[in-house]
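The working numbering runs 395 ahead of the 1-based position in the sequence shown. For glycine and all other residues, C-beta sits at the position ideal for the given N, C-alpha and C. Here the structure is a predicted model, which is why all the values come from computation and not from measurement. Following: one structure in structure tokens, then a few remarks.
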Amino acid sequence: MTRDEVARTVRALKRREAVTKGGRRVVVLLVFLVLLALAYTGYKAFGESIDDAQTGWPVIGMVLPRTNDLTMPPMSDIVAEFAKPPQRNSDKPLAMFILEASLFTLREAALGFVFGVILGLGIAILLLRSTWIERGVTPYLVASQTVPLVAIAPIIVIWGSTSMGWLPFEWTKWMSVSLIATFLTFFPVAMNGIKGLQSADPAAMELMRSYAATRRQTLIRLQLPASVPYLFAAFKIAATAAIVGAIVGEISGGVKGGLGRLILDFASRYTTGPPRLYATVIGAAILGIIAVGMVAAVEHVVLSERREEPLAL
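Put into structure tokens, the structure is as follows:
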């Protein structure tokens, strides 16, 4: 067997292993969703069976409240709601509304994710230059994440609509929502980024110094490659944070077209159709899973390429 044949065989085995692992993850996810639906249905039935005489019990009546079709609509109604049109005189099912809103929110979140990664990685590189800078700036980064997002979202939307006239293109509200997503995204990238950049092998760092390598060369050739596993862990967190930031920004900033607006509309009409709100929330959760899955797919490709080494026969 030639060297090329061995390499092709190894690649085929790795692809087969990747497909098997992916299939297992899908099966685990489906099993989890089924168990979650059963737990929801079971607790709904349990909560409906509680009568007035049991509401004073320490757990059943106080910690676990009673349920009904308004607070917890049946799972069958929630699933069926995806195929029903949410508006009168319209044949478009709710699933299509959720899909269109998800694509709108995904655009905002994707832009916020990109900006957050750039900003977070830039901050990590800045903190790497000095331990004094790291100790001085890190508390402010942590404090920035304690600011209520619902409070600053309207401010960012109004600021963007009134202060971006100098740009060569028209600034719209959804771009302000992307900035809100950036606010949530940069923090995990910055924190994991600095840990990853500092994780480079000390012996390799000493070797780079012995070669009189510049800081830029050391960063590009050694520290950034060493930080890749840390960064992808942060990217997964940042992906979900970008989705959450986009949805909250749409709700707080009054942006039309996304999942946030859809959730707000259905929440205002909750008493007339609880399953619609539940279905939209499920759509938002699926969007978050898709975002993390996309990052995981890129991670698999990048890390698998890094692990490939030339065969010595």
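- Assignment of alpha helix (DSSP H) within the segment 559-624, counting only whole runs of 4 or more residues, yields 568-592, 597-605 and 610-613 in chain order.
- The same chain holds no residue with a CB closer than 6 angstroms to that of Asp596 once the five nearest residues on each side in sequence are set aside.
- Going by C-alpha positions, Leu657 is about 7 angstroms away from Ala496.
- Annotation for Phe477: Pro488, Leu489, Ala490, Ile493 and Ala674 place their beta carbon closer than 8 angstroms to its own, counting only its chain and skipping 5 residues before and after.
- By the neighbour-count criterion, in which 16 or more other beta carbons inside 10 Å mark a residue as buried, Thr404 falls on the exposed side.
- The C-beta separation of Gly515 from Gly588 comes to about 6 angstroms, placing the pair in contact by the 8 angstroms criterion.
- Less than 7 angstroms divides the Cβ of Val552 from the Cβ of Gly648.
- In the DSSP assignment, Leu506 falls within the unbroken alpha helix (DSSP H) covering Leu489 to Leu523.
- Separation of the CB atoms of Ile575 and Gly640 is rounded to 5 angstroms, and the pair is thereby assigned contact status at 8 angstroms.
- Taking C-beta separations shorter than 8 angstroms and ignoring five residues to either side along the sequence, the partners of Pro468 in its chain run Pro669, Pro670 and Tyr673, following chain order.
- Tyr665 counts as exposed, since fewer than 16 other C-beta atoms from the protein chains shown sit within 10 angstroms of its C-beta.
- Trp569 is a Cβ neighbour of Glu503, given a cutoff of 7 angstroms.
- Rounded to whole angstroms, the separation of the alpha carbons of Glu400 and Ala636 is 44 angstroms.
- Around the beta-carbon of Phe564, fewer than 16 other beta-carbon atoms lie within 10 Å, marking it exposed.
- Taking C-beta atoms as the reference points, Leu619 and Met603 fail to come closer than 7 angstroms.
- Taking each of Pro480, Val542 and Ile518 in turn and checking the Cα distance to Val532, the smallest one comes out for Ile518.
- With a threshold of 16 other beta carbon atoms within 10 Å, Pro543 falls short and is exposed.
- Within the model, the alpha-carbon separation for Gly678 versus Thr609 is close to 49 angstroms.
- Annotation: Gly560 to Thr567 spans about 11 angstroms, alpha carbon to alpha carbon.
- Counting along the chain, Asp472 sits inside the alpha helix (DSSP H) bounded by residues Met470 to Glu476.
- If you compare the alpha carbons of Leu654, Tyr606 and Lys439 with that of Met470, the shortest gap goes to Lys439.
- Val696 and Lys651 have their C-alpha atoms spaced approximately 36 angstroms apart.
- Relative to the Cα of Gly442, the nearest Cα in the group Arg411, Val426, Tyr435 and Arg461 belongs to Arg461.
- Sequence-distant Cβ neighbours of Ala432 in its own chain, meaning closer than 6 angstroms and more than five residues away, are Met470.
- Per DSSP, reduced to three states, the secondary structure at Ser699 is helical.
- Per the coordinates, the alpha-carbon of Leu408 lies some 10 angstroms from the alpha-carbon of Thr415.
- Gly591 is positioned such that its CB atom lies no closer than 7 angstroms to that of Ser558.
- The three-state reading of DSSP puts Thr466 in coil, since its state is none of H, G, I, E or B.
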